[in-house]
Amino acid sequence: MASVSNSLPHIVRTAKEPRQHHLHSVMLSKVDQVNSSVRLIQLQFPNTDFTFTHLPGQWLDVHIPSIPQPGGFTITSAPQHTSKAYKLNTTNNSSPPHLELAIQKSPNNPSAAFFWRDPHDILGVPLLIRVGGRFVYPPPDLSVKEAQEIRRVVFVTGGVGINPIMSMLEHLHVESLLKQSGIRELRLLYGVRAREGEAILFYDRIASILSHYRTTEPDAPVADCDYRMIMYLTGGSSWSPNGVSGLERVDTDHVDHKYQRISHTDLIEALGPHAGRKHTVAYICGPPKMTDEFVEVLTRAEGMDSRRVLCEKWW
């Protein structure tokens with residue numbers, strides 16, 4: 011979520027961001043522990059409320075009982091997951107209409123700390139939410155025609171910056187299964203500070219989605235598409251890649267690993283040939299310094315323009 015200071019409350023940092031007017035009622039319905047620092051939170055709607063809409067990449071103002079100011083949390087599920095008609099064979103098809111949030115442990119943030127209480131104390135608690143944000147797919151400054159002609163998407167993220175990207179990736183996946191997407195190539199560059207024995211946020215889910223796009227298999231569910239993820243793994247002096255949960259299941263058809271930081275060369279390679287960049291969009295979400303640096307590299311790349319490079323910063 012873009013901001014200028016991590017000391018400001020969410021509602022102040024985002025005061026100039028677009029927001030919906032309506033508040034929606036939800037119930038905290040599920041808590042899953044990803045690793046020692048991240049929980050997945052599921053919010054369900056009352057049976058009577060199917061008016062909720064959001065764009066992939068947006069966030070929520072979350073009003074929690076007894077906490078004066080709303081917290082801000084990015085939606086990680088696709089917009090289609092809030093639909094009662096959502097029955098496709100995707101990672102979340104068995105769930106009722108819902109929203110998902112990935113919330114990092116932050117004891118000094120009252121709203122985040124609420125979601126890290128004992129699950130028995132918070133399950134079933136009613137909340138009020140409001141949608142906001144402009145970091146969305148497709149880019150809002152493109153015309154309808156330009157958006158329809160997007161053929162390549164590049165996602166660049168670090169740490170919990172994966173949250174809005176996850177929503178966009180799930181959205182594009184559903185559109186592909188419905189034959190409603192013109193995307194032919196996708197590159198996800200995901201930088202993570204890996205820890206021994208710790209699961210990487212959304213690693214398995216992303217790998218499962220990308221398995222639909224293996225170009226080496228003629229009977230792949232989605233043909234003629236090249237979707238790939240490159241993991242950029244770093245860690246402390248005691249870290250080794252074999253100790254990171256999930257990496258032993260890697261499928262190199264669509265997931266690759268590099269034990270380094272994302273480089274400028276990696277960014278340019280992800281954009282693909284110059285001739286195709288008029289049909290390419292790029293999204294960057296991560297720490298402020300990384301985000302600013304990568305936005306500059308991508309906007310200056312031959313064939314790209316600033317309307318096709320979007321960013322959001324997390325703190």
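If you want the numbering used here, it's the position in the sequence shown, counting the first as 1, plus 10. Heads up, the beta-carbon is just placed ideally off N, CA and C, and yes, glycines get one too.
At a Cβ-Cβ threshold of 7 Å, G296 and T92 do not count as neighbours.
Per the C-alpha coordinates, the member of V141, Q43, H32 and H130 positioned closest to G81 is V141.
In this structure, V164 sits away from A311, with a CB-CB distance that is not shorter than 7 Å. R271 is positioned such that its CB atom lies no closer than 7 Å to that of V291.
E156 and P148 have their C-alpha atoms roughly 10 Å apart. The Cβ neighbour count for Q43, taken over all protein chains shown within 10 Å, is under 16; the residue is labelled exposed. The beta carbons of L320 and F212 sit no closer together than 7 Å. Minimum Cα-Cα distance from L198 among the listed residues L182, S191 and K189 corresponds to L182. By the neighbour-count criterion, in which 16 or more other beta carbons inside 10 Å mark a residue as buried, R127 falls on the exposed side.
The bridge partners DSSP lists for F165 are L198 and Y293. With distances taken between CA atoms, P28 lies nearest to L65 out of L65, V36, K323 and I175. With distances taken between CA atoms, K288 lies nearest to L308 out of L308, E208, H264 and P78.
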